[in-house]
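Protein chains in written order, with this note's numbering: chain A, 40 to 372; chain B, 40 to 372.
I have placed the structure first, in the form of structure tokens, so that the comments after it can refer back to it.
Number of protein chains: 2
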Amino acid sequence: MDVRELVGQARQGRPRAVARLISLVENAVENAANGSQSGVSAGGDRAATSALREAMAELATGGARPHPARVIGLTGSPGVGKSTSTGMLIRAFRRRGSTVGVLAVDPSSPFTGGALLGDRVRMQDHATDPGVFIRSMSSRGHLGGLAWATPQALRVLEAAGCDVILVETVGVGQAEVEIARLADTTVVILAPGMGDGVQAAKAGILEVADVLVVNKADRDGVQTTVRELRTMTALVEAPWRPPIVTTVASKAEGVDDLLAALDKHQAYLEESGEARRRRLARARDEIEAIALAQLRSRFAVLHGDSLDVLAERLLAAETDPYAAADDLIAALR
Amino acid sequence: MDVRELVGQARQGRPRAVARLISLVENAVENAANGSQSGVSAGGDRAATSALREAMAELATGGARPHPARVIGLTGSPGVGKSTSTGMLIRAFRRRGSTVGVLAVDPSSPFTGGALLGDRVRMQDHATDPGVFIRSMSSRGHLGGLAWATPQALRVLEAAGCDVILVETVGVGQAEVEIARLADTTVVILAPGMGDGVQAAKAGILEVADVLVVNKADRDGVQTTVRELRTMTALVEAPWRPPIVTTVASKAEGVDDLLAALDKHQAYLEESGEARRRRLARARDEIEAIALAQLRSRFAVLHGDSLDVLAERLLAAETDPYAAADDLIAALR
Numbered sequence: 040m041d042v043r044e045l046v047g048q049a050r051q052g053r054p055r056a057v058a059r060l061i062s063l064v065e066n067a068v069e070n071a072a073n074g075s076q077s078g079v080s081a082g083g084d085r086a087a088t089s090a091l092r093e094a095m096a097e098l099a100t101g102g103a104r105p106h107p108a109r110v111i112g113l114t115g116s117p118g119v120g121k122s123t124s125t126g127m128l129i130r131a132f133r134r135r136g137s138t139v140g141v142l143a144v145d146p147s148s149p150f151t152g153g154a155l156l157g158d159r160v161r162m163q164d165h166a167t168d169p170g171v172f173i174r175s176m177s178s179r180g181h182l183g184g185l186a187w188a189t190p191q192a193l194r195v196l197e198a199a200g201c202d203v204i205l206v207e208t209v210g211v212g213q214a215e216v217e218i219a220r221l222a223d224t225t226v227v228i229l230a231p232g233m234g235d236g237v238q239a240a241k242a243g244i245l246e247v248a249d250v251l252v253v254n255k256a257d258r259d260g261v262q263t264t265v266r267e268l269r270t271m272t273a274l275v276e277a278p279w280r281p282p283i284v285t286t287v288a289s290k291a292e293g294v295d296d297l298l299a300a301l302d303k304h305q306a307y308l309e310e311s312g313e314a315r316r317r318r319l320a321r322a323r324d325e326i327e328a329i330a331l332a333q334l335r336s337r338f339a340v341l342h343g344d345s346l347d348v349l350a351e352r353l354l355a356a357e358t359d360p361y362a363a364a365d366d367l368i369a370a371l372r
Numbered sequence: 040m041d042v043r044e045l046v047g048q049a050r051q052g053r054p055r056a057v058a059r060l061i062s063l064v065e066n067a068v069e070n071a072a073n074g075s076q077s078g079v080s081a082g083g084d085r086a087a088t089s090a091l092r093e094a095m096a097e098l099a100t101g102g103a104r105p106h107p108a109r110v111i112g113l114t115g116s117p118g119v120g121k122s123t124s125t126g127m128l129i130r131a132f133r134r135r136g137s138t139v140g141v142l143a144v145d146p147s148s149p150f151t152g153g154a155l156l157g158d159r160v161r162m163q164d165h166a167t168d169p170g171v172f173i174r175s176m177s178s179r180g181h182l183g184g185l186a187w188a189t190p191q192a193l194r195v196l197e198a199a200g201c202d203v204i205l206v207e208t209v210g211v212g213q214a215e216v217e218i219a220r221l222a223d224t225t226v227v228i229l230a231p232g233m234g235d236g237v238q239a240a241k242a243g244i245l246e247v248a249d250v251l252v253v254n255k256a257d258r259d260g261v262q263t264t265v266r267e268l269r270t271m272t273a274l275v276e277a278p279w280r281p282p283i284v285t286t287v288a289s290k291a292e293g294v295d296d297l298l299a300a301l302d303k304h305q306a307y308l309e310e311s312g313e314a315r316r317r318r319l320a321r322a323r324d325e326i327e328a329i330a331l332a333q334l335r336s337r338f339a340v341l342h343g344d345s346l347d348v349l350a351e352r353l354l355a356a357e358t359d360p361y362a363a364a365d366d367l368i369a370a371l372r
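If you want it as structure tokens, here you go:
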């Protein structure tokens, strides 16, 4: 299909066109990841890459743009109930009449691809609702691949007219934090006993939280977790101090408090000018990530095996890593 | 102090020199991280960077090199007992007469820097043992910063004569997995109930495991976790199928089984040629990461605010992300 036509259909909110465009993004990440191992890179599958370029150019500049989508990131340790919380928020925003996009950034494993689908099943409740778009993107790509792909997938969902986009990440590492950070509002979810305050702090996720949720609040230990979080957030000197909301997502308990906290943060973002700053940072990061991915693919493609040769020389103590990096950059010319 | 002299002292195993060299690496990551926000980058603090370059050149090429260190990565969800397991392995390798380096890759938070030290206290048992070097490195740097810094820190510990280097990562995200992958042998630690098999698979960490450890094996549910893992590893068709070891690290139970599994993997690595392949991949990744960091710093330093200008234009729908990336690369010339 013609890319321009595909973009046109996505703009009309046709789910199949939205899915195909996000697949273009995802395949480009996958190509980049394979490339990093095999020596062929993002530039490798040129047809797919050029379709993606054309689609992004069309989406970014062509035609009228809908109002910017409100992007909400959800992150937290495995098992705290992120998918259930996402489901709760989908229903809540739908009740308000908002169109909702969900981007689940989901590492998959060759061992267990099937086993992970269970979680997504809960979201199938929304499979027939034309106001909900759900897509997962694998994070098996090279480190940095998702930082590059996520803004592009957001652009597709925004063009499709999503009022709200929920970005759910699995894992509690640095990469996941950076993905969550692409959002306007980042929600960090914890559960009593599962990942208490210190554990969350260890994972470095508290500092990116705009809203803190203690889910599974019908379990023992919820007050301890809330108290620990309160002690930590009391130290925040930034103009926005993250509120702490307790929920039982499986029963939709606390959903109104969570919506209120999200709305309050949204209002803060707009009033303070922070909304624009975050969008600018997202644009900067996207451009930089694309440029670096292209330079990486040139290392591999244009100069054959020179990176392999340099690595051999480094192991043989014939060069040092900085001199080798200089050689690599010089070879770009 | 003169860099050459510092390297000489590190080679003699003087802890203070080792610590100072690893600080050089860590500061360079921190500079790069701050740079990504402020527009100054890795190249910003030129004196520190040039000292680091000189140190790495000296370490990589100058003088006699000791035998390569055996690098063992430990990863797993917060709370499974990684630090306790690391402590157990330090004692076990010391009993064998090996010199042990520990690199704890540890995200820290401005909220809770102090609170996290508790975990490290257990390792202070070894503070007076001249055969043990323990350093933690913050992962607050920009995504990819640690992929760049970790091989350099390993080089310092190897030069100091470490026979074994344990790399412990906090968090279960993609970045942490990539750090663990820098190791010769990657140990993935789980605990019953904390992070069962499916949760581990969700975090994408099973596929990098060379050895699987179910720690806290005196708790309920250990058999369930072992059974799940056995089902998953049964599907592995690679020549090495990760063995599953149960431990109670706090009581050193299972340490002999774990050592046996590690030794068996080490023998497999050497016999299959995989040891050399992994070292080559590590060298490739290190050179590439340094080259990309330098290109990133040029984006920021040489061309003033052009990335900001391009981001503004992208938000204003005057350009698209790929065209902006092309402009950025063109500005490098």
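Note that beta-carbon positions come from the ideal geometry of N, C-alpha and C, so glycine has one too.
How would you call residue i, buried or exposed, if buried means at least 16 neighbouring beta carbons within 10 angstroms?
{"i": "G136 of chain B", "result": "exposed"}
{"i": "H304 of chain B", "result": "buried"}
{"i": "E394 of chain A", "result": "In the structure as shown, chain A begins at 40 and stops at 372. Residue 394 of chain A is therefore absent and cannot be evaluated."}
{"i": "R134 of chain B", "result": "exposed"}
{"i": "V57 of chain B", "result": "buried"}
{"i": "A192 of chain A", "result": "buried"}
{"i": "E276 of chain A", "result": "exposed"}
{"i": "E44 of chain B", "result": "exposed"}
{"i": "K290 of chain A", "result": "exposed"}
{"i": "D41 of chain B", "result": "exposed"}
{"i": "T167 of chain A", "result": "exposed"}
{"i": "R266 of chain A", "result": "exposed"}
{"i": "R92 of chain A", "result": "buried"}
{"i": "A81 of chain B", "result": "Caution applies to A81 of chain B, whose pLDDT of 42 falls short of 50 and renders its modelled position unreliable; the value that the coordinates give is listed next. It counts as buried."}
{"i": "H106 of chain A", "result": "exposed"}
{"i": "Y361 of chain B", "result": "buried"}
DSSP three-state label for residue i, please.
{"i": "T208 of chain A", "result": "strand"}
{"i": "S137 of chain B", "result": "coil"}
{"i": "V119 of chain A", "result": "coil"}
{"i": "T270 of chain A", "result": "helix"}
{"i": "T224 of chain A", "result": "strand"}
{"i": "A81 of chain A", "result": "At A81 of chain A the pLDDT is 42, less than 50, meaning the model places this residue with poor confidence; the figure from the coordinates comes in the next sentence. Residue state, collapsed to three classes: coil."}
{"i": "R109 of chain A", "result": "strand"}
{"i": "V275 of chain A", "result": "coil"}
{"i": "A58 of chain B", "result": "helix"}
{"i": "A94 of chain B", "result": "helix"}
{"i": "T88 of chain B", "result": "helix"}
{"i": "R43 of chain A", "result": "helix"}
{"i": "R130 of chain A", "result": "helix"}
{"i": "A362 of chain B", "result": "helix"}
{"i": "A67 of chain B", "result": "helix"}
{"i": "T263 of chain A", "result": "helix"}
{"i": "A230 of chain A", "result": "coil"}
{"i": "T167 of chain B", "result": "coil"}
{"i": "R258 of chain B", "result": "coil"}
{"i": "A198 of chain B", "result": "helix"}
{"i": "A143 of chain B", "result": "strand"}
{"i": "T189 of chain B", "result": "helix"}
{"i": "T100 of chain B", "result": "helix"}
{"i": "T114 of chain A", "result": "strand"}
{"i": "T286 of chain A", "result": "coil"}
{"i": "R280 of chain A", "result": "coil"}
Report, in whole angstroms, the separation of the C-beta atoms of residue i and residue j, which I expect to be a contact under 8 Å.
{"i": "V139 of chain A", "j": "V203 of chain A", "result": "5 Å"}
{"i": "T225 of chain A", "j": "V247 of chain A", "result": "5 Å"}
{"i": "I228 of chain A", "j": "G47 of chain A", "result": "In fact, because the Cβ distance is near 37 Å, the residues do not count as touching under 8 Å."}
{"i": "L353 of chain B", "j": "I326 of chain A", "result": "7 Å"}
{"i": "P190 of chain B", "j": "L142 of chain B", "result": "Contact flag wrong, Cβ pair sits at about 11 Å."}
{"i": "M100 of chain A", "j": "D359 of chain B", "result": "The sequence shown places Thr at residue 100 of chain A, not Met. The pair is a contact, with the Cβ atoms about 5 Å apart (cut-off 8 Å)."}
Checklist entry - Does the region 279 to 286 of chain B come within contact of the region 304 to 318 of chain A, defined as at least 3 CB pairs closer than 8 Å? => result no
Item to check | Completely contained beta strand (DSSP E) runs for the region 293 to 360 of chain B, where each covers 3 or more residues | outcome: none
Checklist entry - Just checking, does the region 83 to 97 of chain B make contact with the region 54 to 68 of chain B on the three C-beta pairs under 8 Å criterion? => result yes
Next on the checklist: Under 8 Å: do the region 168 to 175 of chain A and the region 325 to 342 of chain A share three or more Cβ pairs, one atom per stretch?
Outcome noted: no
Next on the checklist: Under 8 Å, with one C-beta from each stretch per pair, do the region 114 to 131 of chain B and the region 41 to 54 of chain B reach the 3-pair mark?
Outcome noted: no
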